[in-house]
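For reference, the structure discussed in these notes is given below.
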Amino acid sequence: MGDFRAGERVRVRAGDPAGHTRVPRYVRGQVGRIVESQGRWALADEVAAGVAEPRVEAVYTVAFAARDLWGEGDHEVTVDLWESYIERARRAEA
Amino acid sequence: MSRVNDVGGQTGFGALRIEADEPPFHADWEARVFALNSVLVRNGVYRLDEFRDAVERMDPRQYLATSYYERWLIAIETLLAERKVLADG
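Going down the list, the protein sequences come from chains A and B. Residues 0 to 93 (numbering that gives the first Met the number 0) are what the first sequence spells out, left to right. Residues 0 to 88 (numbering that gives the first Met the number 0) are what the second sequence spells out, left to right.
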């Protein structure tokens, strides 16, 4: 996982964590496109849970087609997502 | 499970009210709550993501019945009580 490049297709993990997360429900399980890296940041889920030394991971801006999320709309929706929220999309999904 | 704050894409909350020339704060107490939170985060009493978590941990009925900065104040009180900075009650 990780080291994604602009243009790569990724799927957002579908899990629904018990605590704080920065994954909006509407992108879970969805396939999007890496736009750019935003550098490395402490994983918000672990910071929120009080972990003393939270994981530091790459954060990516990921673009989704509004139509994929809501069935309508011709625009894109971009969400900044930590590396552990996403995985490389399978070839058939890309 | 998904919390009450995660309403993106949901309907039923009415239209967004967009104010022309909206001020940063609608009342002085809101500015004080904003400043208080900044001071507490900068002094390491809690971290910003812990604050966001505290907002999301609110009772959903209370969350939906309160304004933006009322939620901030409730979350600040929750965290200060949990860290024994404030006495219970």
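In this text, a Cβ means the ideal position worked out from N, Cα and C, and glycines have one as well.
Cβ-based burial, residue i [other Cβ within 10 Å; buried from 16]
i: residue 52 (chain B); result: buried
i: residue 20 (chain A); result: buried
i: residue 49 (chain A); result: exposed
i: residue 48 (chain B); result: buried
i: residue 45 (chain B); result: buried
i: residue 28 (chain A); result: exposed
i: residue 20 (chain B); result: exposed
i: residue 24 (chain B); result: exposed
i: residue 2 (chain B); result: buried
i: residue 36 (chain B); result: buried
i: residue 74 (chain B); result: buried
i: residue 69 (chain A); result: exposed
Within-9 angstroms CB hit, residue i to chain A
i: residue 47 (chain B); result: yes
i: residue 51 (chain B); result: yes
i: residue 11 (chain B); result: no
i: residue 5 (chain B); result: yes
i: residue 76 (chain B); result: no
i: residue 70 (chain B); result: no
i: residue 43 (chain B); result: no
i: residue 1 (chain B); result: yes
Best match in the options for proximity to residue i [C-alpha to C-alpha]
i: residue 39 (chain A); options: A:13, A:83, A:9; result: A:83
i: residue 12 (chain B); options: B:63, B:44, B:22; result: B:63
i: residue 24 (chain A); options: A:35, A:4, A:59, A:12; result: A:12
i: residue 7 (chain B); options: A:81, A:90, A:85, A:65; result: A:65
i: residue 56 (chain B); options: A:3, A:73, A:18; result: A:18
i: residue 32 (chain A); options: A:72, A:16, A:54, A:60; result: A:60
i: residue 36 (chain A); options: A:73, A:77, A:89, A:16; result: A:77
i: residue 44 (chain A); options: A:5, A:75, A:22, A:34; result: A:22
i: residue 91 (chain A); options: A:81, A:2, A:8, A:34; result: A:8
i: residue 88 (chain A); options: A:26, A:68, A:30; result: A:30
i: residue 29 (chain B); options: B:82, B:58, B:69; result: B:69
Residue-level contact to chain B via CB, residue i, 9 angstroms cutoff
i: residue 47 (chain A); result: yes
i: residue 25 (chain A); result: yes
i: residue 74 (chain A); result: no
i: residue 69 (chain A); result: yes
i: residue 79 (chain A); result: no
i: residue 43 (chain A); result: yes
i: residue 38 (chain A); result: no
i: residue 15 (chain A); result: yes
Nearest-angstrom Cβ-Cβ length linking residue i and residue j, presumed shorter than 8 angstroms
i: residue 56 (chain A); j: residue 42 (chain A); result: 6 angstroms
i: residue 58 (chain A); j: residue 79 (chain A); result: 6 angstroms
beta-carbon residue i near the ligand FAD non-hydrogen atom, thresh 8 angstroms
i: residue 42 (chain B); result: As far as ligands go, the structure on display features none, and thus does not contain the ligand FAD.
4 or more residues per run - each alpha helix (DSSP H) lying fully within the region 15-46 of chain B: Entirely contained in the region 15-46 of chain B, the alpha helix (DSSP H) runs reaching 4 residues are, in chain order, 27-41.
Alpha helix (DSSP H) runs contained entirely in the region 11-56 of chain A, provided each spans 4 or more residues: For secondary structure counted as the alpha helix (DSSP H) over 4 or more consecutive residues, the region 11-56 of chain A holds these complete runs in sequence order: 43-47.
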